[in-house]
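Read the structure below first, then the notes.
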């Protein structure tokens, strides 16, 4: 086999058998560079022309406030990647790399990420092989991030012991998918889980997203305490997410340690006719954050989503 000397860095195609048996020729031409020629290749029996091309493996990471297009190519890449329409303001220059990425913030007008309905974000990404000009070999990609905001219902029972005459004790963990949320009865600071309590003990109701890296935040409303015997109930947090009686249940607020945690302070109580106290709340994930709601000069956040139940039994 004969191979003529050609600058390998500019090899875009090669042919075999065109000029003789066992002859392989390299060329700097490709379909793109010969697009102005009507018939750039001659048909020669038993000869074949092949064009070298790159393969692109594209993955999308959907975060809390942005999407990231990660690209891996089979050939060394020089050029740029950018959001369509923003080749300068939302772009990354790439030099001699097989791996590169473009981060597009949902609130960045320059990156032109578009929202289609609740939780769905789309954009177009251009892979440009030249730093200055667009050619026919460049690629356009449509990227999408879809966040699951569908409703789900879960419930759970807990058998708990208490001390004294009128003492509810509260402790249970409930997990709801998309995102996974736990509801616990804790000490007032949101720390220790309370397994026993007496009426009047200072407690906190804690809602927490399990995955600290989750793109969601959550909102809680329609929190109800129920008598498990005769179906009596009292609403503690209304449909707006505001407390109905500050003496019984305080406002729901975001923890200073994490945006994935909501807390509400209350003093332990029970119904006079039953040993069962049940708690139920509607919880919604918001993306990337919940809309603030004004309640008696205190801000809380959110939108309707999942049903979480907490049952407390054997209250003496």
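Numbering (full-length UniProt numbering), first residue to last: 1 to 316.
We treat Cβ as the ideally placed atom computed from N, Cα and C, and that holds for glycine.
ask   = What three-state label does DSSP hand residue 286 in the structure shown?
value = As a first step, residue 286 is located in the chain shown; it is residue number 286 there, counting from the start. It is a strand residue.
request  = Measuring alpha carbon to alpha carbon, tell me which of 212, 70 and 233 ends up nearest residue 98.
outcome  = In the chain shown, residue 98 corresponds to position 98, counting from 1. Restricting attention to 212, 70 and 233, the CA atom closest to the CA of residue 98 is found in 70.
inquiry  = Here's the rule I'm using: 16 or more other beta-carbon atoms within 10 Å means buried, otherwise exposed. How should residue 80 be labelled?
reply    = As a working note, residue 80 is residue 80 in the chain shown. So residue 80 counts as buried.
ask   = So, using beta-carbon positions, are residue 110 and residue 89 closer together than 8 Å?
value = The residue given as residue 110 occupies position 110 in the chain shown. The residue given as residue 89 occupies position 89 in the chain shown. The beta carbons of residue 110 and residue 89 sit closer together than 8 Å.
task = Check each candidate in 205, 96, 86 and 143 and name the one with the smallest Cα separation from residue 192.
result = The sequence position of residue 192 within the chain shown is 192, counting from 1. Of the listed residues, the one whose Cα sits closest to residue 192 is 205.
inquiry  = Do residue 59 and residue 73 have their beta-carbon atoms positioned less than 8 Å apart in this structure?
reply    = Translated into the one-based positions of the chain shown, residue 73 becomes position 73. Translated into the one-based positions of the chain shown, residue 59 becomes position 59. Contact flag unset, no.
request  = Let me know the secondary structure DSSP gives residue 317 once reduced to three states.
outcome  = Since the displayed the chain opens at 1 and closes at 316, residue 317 lies outside it and no answer follows.
query = Who does residue 212 pair with in a DSSP beta bridge?
reply = The count along the chain shown starts at 1 and reaches residue 212 at position 212. Looking at the DSSP assignment, residue 212 forms no beta bridge with any residue, so it has no partner.
query = Going along the chain, which residues of its own chain have a beta-carbon closer than 8 Å to the beta-carbon of residue 210, five neighbours each way excluded?
reply = For this step, residue 210 is matched to residue 210 along the chain shown. The beta carbon of residue 210 sits closer than 8 Å to those of 175, 179, 180, 181 and 182, all from its chain and outside the five residues before and after it, given in chain order.
message = I need the DSSP call for residue 257, collapsed to helix, strand or coil.
response = In the chain shown, residue 257 corresponds to position 257, counting from 1. It is coil, neither helix nor strand.
key: According to DSSP, residues forming a beta bridge with residue 269   = What you label residue 269 is simply residue 269 of the chain shown in a count that begins at 1. None; residue 269 has no bridge partner.
query = How about residue 115: is its Cβ closer than 7 Å to a heavy atom in the ligand PLP?
reply = Inclusion of the ligand PLP in the displayed structure is not the case, the ligand content being empty and no account of it being possible.
key: Cβ distance (whole Å) where residue 63 is taken to contact residue 215 below 8 Å   = In the chain shown, residue 63 corresponds to position 63, counting from 1. In the chain shown, residue 215 corresponds to position 215, counting from 1. Taking the Cβ atoms as the reference, residue 63 lies roughly 6 Å from residue 215, within the contact range of under 8 Å.
query = If you follow the beta strand (DSSP E) that residue 351 is part of, which residue opens it and which one closes it?
reply = What is shown of the chain runs 1 to 316, which leaves residue 351 out entirely.
message = List, from N- to C-terminal side, the alpha helix (DSSP H) runs of 4 residues or more that fit wholly inside the segment 64-152.
response = Whole alpha helix (DSSP H) segments, 4+ residues: zero.
query = Straight-line CA distance for residue 221 to residue 282?
reply = Position 221 of the chain shown holds residue 221. Position 282 of the chain shown holds residue 282. Rounded to whole angstroms, residue 221 to residue 282 spans 5 Å at the Cα level.
key: Close beta carbons around residue 239, own chain, < 7 Å, minus the five adjacent residues each side   = Your numbering for residue 239 matches position 239 in the chain shown. Around residue 239: 221 and 222.
ask   = How about residue 141 and residue 122: are their beta carbons less than 8 Å apart?
value = For the purposes of this step, residue 141 is taken as the residue at position 141 of the chain shown. For the purposes of this step, residue 122 is taken as the residue at position 122 of the chain shown. Contact flag unset, no.
key: CB contact flag (residue 112, residue 86, <8 Å)   = Position 112 of the chain shown, counted from the first residue, corresponds to residue 112. Position 86 of the chain shown, counted from the first residue, corresponds to residue 86. Yes. Within cutoff.
inquiry  = Per DSSP, what are the beta-bridge partners of residue 263 in this structure?
reply    = Sequence index remark: in the chain shown, residue 263 carries index 263 (1-based). Looking at the DSSP output, residue 263 bridges to 206 and 253.
query = Does DSSP classify residue 26 as helix, strand or coil?
reply = Along the chain shown, one-based indexing puts residue 26 at 26. Under the three-state reduction of DSSP, residue 26 is assigned to strand.
message = Considering only their Cβ atoms, is the gap separating residue 107 from residue 96 smaller than 8 Å?
response = Taking the chain shown and counting its residues from 1, the one referred to as residue 96 is at position 96. Taking the chain shown and counting its residues from 1, the one referred to as residue 107 is at position 107. In this structure, residue 107 does not lie closer than 8 Å to residue 96 by Cβ.
message = My output table needs one value for residue 281: the three-state DSSP class, helix, strand or coil.
response = For the purposes of this step, residue 281 is taken as residue 281 along the chain shown, with counting starting at 1. DSSP places residue 281 in strand when its eight states are reduced to three.
inquiry  = Strictly by DSSP, which residues pair up with residue 225?
reply    = Walking along the chain shown from the start, residue 225 turns up at place 225. Bridge partners of residue 225: 234 and 279.
query = Should residue 208 go down as buried or exposed, given a rule of 16 or more other Cβ atoms within 10 Å for buried?
reply = On the chain shown, residue 208 is found 208 positions in, with the first residue counted as 1. Flag for residue 208 reads buried.
ask   = So, using beta-carbon positions, are residue 318 and residue 263 closer together than 8 Å?
value = Absent from the structure is residue 318, since the part of the chain shown begins at 1 and ends at 316.
query = Using the C-alpha atoms, what's the distance from residue 57 back to residue 258?
reply = Here the question's residue 258 lines up with position 258 in the chain shown. Here the question's residue 57 lines up with position 57 in the chain shown. Taking the Cα positions, residue 258 is about 35 Å away from residue 57.
query = When the Cα atoms are used, what is the spatial distance from residue 92 to residue 131?
reply = Stepping through the chain shown from its first residue, residue 92 is reached at position 92. Stepping through the chain shown from its first residue, residue 131 is reached at position 131. Rounded to whole angstroms, residue 92 to residue 131 spans 10 Å at the Cα level.
task = Taking the CB atoms as reference points, tell me whether residue 188 and residue 202 lie closer together than 8 Å.
result = Within the chain shown, the letter at position 188 stands for residue 188. Within the chain shown, the letter at position 202 stands for residue 202. Closer than 8 Å, so yes.
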